[in-house]
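Undergrad:
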Amino acid sequence: MKNLRLKAARAARDLSQQQLADMVGVSRQTISSIEKGDYNPSIKLCIAICKVLDRTLDQLFWED
Amino acid sequence: MNFTLLFPVIFFIAIVIVIAVLSIKGRGAKDFDERQAMVRGRAANFGYLTTLVLLMPALLFFGGEHTEVAYIFASLAFFGGLAVNAVYNIWNGGFFQLHQKTSGYTVLCFFIAVLNFLTTGMRLAEGESIWEIVTDRGGTNFFLGVLFFVIGVTILARRWADRREEE
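Line by line, the protein sequences are chains A and B. In terms of my numbering, the first sequence opens at residue 1 and continues consecutively. In terms of my numbering, the second sequence opens at residue 1001 and continues consecutively.
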């Protein structure tokens, strides 16, 4: 399932996939895969992304 | 002096030195993310399975009337396994470290491919057929050329896809 909330949160901060990837220390393809729902990130990476985007885990990764 | 034996020995020593240098240089370079580490493991599995599957027909033909077919499958098993590993890794972004440049690798791959195709081409020019070449020890050059050509093309295709995908 696509993670549109992550994509929206990134866009709200005006960050490209590459910029977000650099900030959390992963490759751009990894951010792309998470947004497309092709890859389930570890909790460590989820937390790193949440901190950079200033969101909670629930806001970005909890499916309703 | 037995040159037939000397060349493989020199080649083996050269390969060991290259691997040793690369592993020493890459000791501190583990800049892969968690997804890349997973992709690399999966690529190794696929490559290994490809080799195993292609070795079966090689073993079936070996020692029979068509031993040359066994040589082809043995070469395909070895180079096919490497190709599957490399292509899966590169296409899924597991091969290169974070921020690693790919241009040098691409040029090197095409350079090695051209050198090996030239060797094959020289034998074709001497009147040998492609069948004779791939069923002979010289087939190694042909398969190496194809392997590095495929790797080079995959790197270029991945870069092209990345540029399209990038926002």
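Beta carbons: idealized from backbone N, C-alpha and C, even for Gly.
To the nearest angstrom, report how far apart ARG5 of chain A and GLN59 of chain A are at their CA atoms.
TA: For the purposes of this step, residue 5 of chain A is taken as the residue at position 5 of the first sequence. For the purposes of this step, residue 59 of chain A is taken as the residue at position 59 of the first sequence. Their Cα atoms are separated by approximately 8 Å.
Undergrad: Measure the beta-carbon distance from ILE1079 of chain B to PHE1143 of chain B and round it to whole angstroms, keeping in mind my assumption that it falls under 8 Å.
TA: Taking the first residue of the second sequence as position 1, residue 1079 of chain B is located at position 79. Taking the first residue of the second sequence as position 1, residue 1143 of chain B is located at position 143. Here residue 1079 of chain B is Phe; the residue named in the question, Ile, does not match the sequence. Contact holds; Cβ gap of about 4 Å.
Undergrad: What's the call for THR56 of chain A, buried or exposed, on a 16-neighbour Cβ count within 10 Å?
TA: Against the first sequence, residue 56 of chain A aligns to sequence position 56. Exposed, since its Cβ has fewer than 16 Cβ neighbours within 10 Å.
Undergrad: Of all Cβ atoms in chain A, is any one closer than 8 Å to the Cβ of LEU1098 of chain B?
TA: By 1-based counting over the second sequence, the position of residue 1098 of chain B is 98. Closer than 8 Å: yes.
Undergrad: Which term fits TYR1088 of chain B, buried or exposed, when burial requires 16 or more other beta carbons within 10 angstroms of its beta carbon?
TA: One-based indexing of the second sequence puts residue 1088 of chain B at position 88. Per the 10 Å Cβ criterion, buried.
Undergrad: Which residues in the same chain as MET23 of chain A place their Cβ atom closer than 7 Å to its Cβ, once the five residues preceding and following it in sequence are excluded?
TA: As a working note, residue 23 of chain A is residue 23 in the first sequence. For MET23 of chain A, the CB contacts under 7 Å within the same chain, skipping 5 residues up- and downstream, are VAL52 in chain order.
Undergrad: Helix, strand or coil for GLU1165 of chain B per DSSP?
TA: Within the second sequence, the letter at position 165 stands for residue 1165 of chain B. Of the three classes helix, strand and coil, the one that applies to GLU1165 of chain B here is helix, per DSSP.
Undergrad: Between GLU1126 of chain B and chain A, is any beta-carbon pair separated by less than 8 Å?
TA: The residue given as residue 1126 of chain B occupies position 126 in the second sequence. Any Cβ of chain A closer than 8 Å to the Cβ of GLU1126 of chain B would place that residue at the interface, and such an atom is absent.
Undergrad: Go ahead and pull the three-state DSSP assignment for LYS2 of chain A.
TA: Taking the first residue of the first sequence as position 1, residue 2 of chain A is located at position 2. Correct three-state label for LYS2 of chain A: coil.
Undergrad: Tell me where the alpha helix (DSSP H) around ASN1116 of chain B begins and ends.
TA: Your numbering for residue 1116 of chain B matches position 116 in the second sequence. Segment 1103-1125, the alpha helix (DSSP H) holding ASN1116 of chain B.
Undergrad: Is there a Cβ from chain B that is less than 8 Å from the Cβ of LEU60 of chain A?
TA: Position 60 of the first sequence, counted from the first residue, corresponds to residue 60 of chain A. No, LEU60 of chain A does not count as interfacial toward chain B.
Undergrad: Output, in chain order, the set of chain A residues within a Cβ distance shorter than 9 Å of GLY1063 of chain B.
TA: For this step, residue 1063 of chain B is matched to residue 63 along the second sequence. Ordered by position in chain A, no residue passes the 9 Å Cβ test against GLY1063 of chain B, which lies about 46 Å from the chain.
Undergrad: Quick one, are the C-beta atoms of GLY1035 of chain B and THR30 of chain A less than 8 Å apart?
TA: Start at 1 with the first residue of the second sequence, and residue 1035 of chain B comes out as number 35. Start at 1 with the first residue of the first sequence, and residue 30 of chain A comes out as number 30. The amino acid occupying residue 1035 of chain B in the given sequence is Arg; Gly does not appear at that position. For ARG1035 of chain B and THR30 of chain A, yes; Cβs fall inside 8 Å.
Undergrad: Using 10 angstroms around the beta-carbon of SER33 of chain A, count the other beta-carbons present and answer buried if the total reaches 16, otherwise exposed.
TA: Looking up residue 33 of chain A in the first sequence gives position 33. With 16 or more other Cβ atoms within 10 Å, it is buried.
Undergrad: So with CB distances below 9 Å, who are the chain B contacts of GLY25 of chain A?
TA: Against the first sequence, residue 25 of chain A aligns to sequence position 25. In chain order: ASP1031, ASP1033, LEU1098.
Undergrad: Buried or exposed for ASP1033 of chain B, please, with buried defined as at least 16 other CB atoms from any protein chain shown within 10 angstroms of its CB.
TA: Sequence index remark: in the second sequence, residue 1033 of chain B carries index 33 (1-based). Classification of ASP1033 of chain B: buried, given that the 10 Å Cβ count is 16 or more.
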